[in-house]
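Under the numbering used here, the residue at position 2 of the sequence shown is numbered 3, and the numbers go up by one with no gaps.
Each residue gets a CB set at the ideal place from its N, CA and C atoms; glycine is no exception.
First comes the structure, then the notes that go with it.
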Amino acid sequence: MHVLVRPGPARRVHRPSRHRQPHRHDPDDRAAWWRPWLDLIAATVARGVTVRRARIVSEPVSEYTRFLYDGTFTNVAAGEEVRWLPRRQASDIALPGNDFWLIDGRLIRWNHFTGDGDSAGGEMSENPAAAKLCADAFETVWARAVPHDSFEIR
């Protein structure tokens, strides 16, 4: 399970960002967009594991969120189930303070980011209380969120 709770990278003044490039992958040109992460997801799903990703997004969406949305078909093609939840619909959900992956309901990989949206590294945790918070938050978000193929970006 993965939850994206941050709104995306802040404005970057001094360096270009690839999410601002006007490019959208051609779904039919698989060789152009397939990457090792997708091999891992496809192999994981082939073993019978369900991989779910939920994204909580502000509306109207930022350039970065539009970039994520445009590329999400690759995650879906690899076998991930992806849903989107407008942030206004998440106000009453107790959410962890960082993006996370929850593996087997017990192992958390926290994703930390700088104020500019760059990765500040990850952190692994097996804290049972934090794992329960993540699991409960994810299930609540998942129940409210819209599947990728039905979500209309605004």
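Report buried or exposed for residue i, applying the criterion of at least 16 other Cβ atoms within 10 angstroms of its Cβ.
i	result
I154	exposed
L108	exposed
R89	exposed
M2	buried
E81	buried
P148	exposed
A79	buried
A146	buried
C135	buried
Can you give the beta carbon distance from residue i to residue j, rounded, assuming they're within the 8 Å contact cut?
i	j	result
W143	R53	7 Å
L5	R56	4 Å
S126	W111	6 Å
Spell out the partners DSSP gives residue i in its beta bridges.
i	result
S120	F114
L5	R56
I104	L108
S126	I109
P148	R84
Ignoring anything shorter than 3 residues, give me the beta strand (DSSP E) runs that lie fully in the stretch 45-96, in order along the chain. 53-58 and 82-87
Measuring CB atoms only, is the stretch 70-87 touching the stretch 103-117, in the sense that at least three cross pairs come out at less than 8 Å? no
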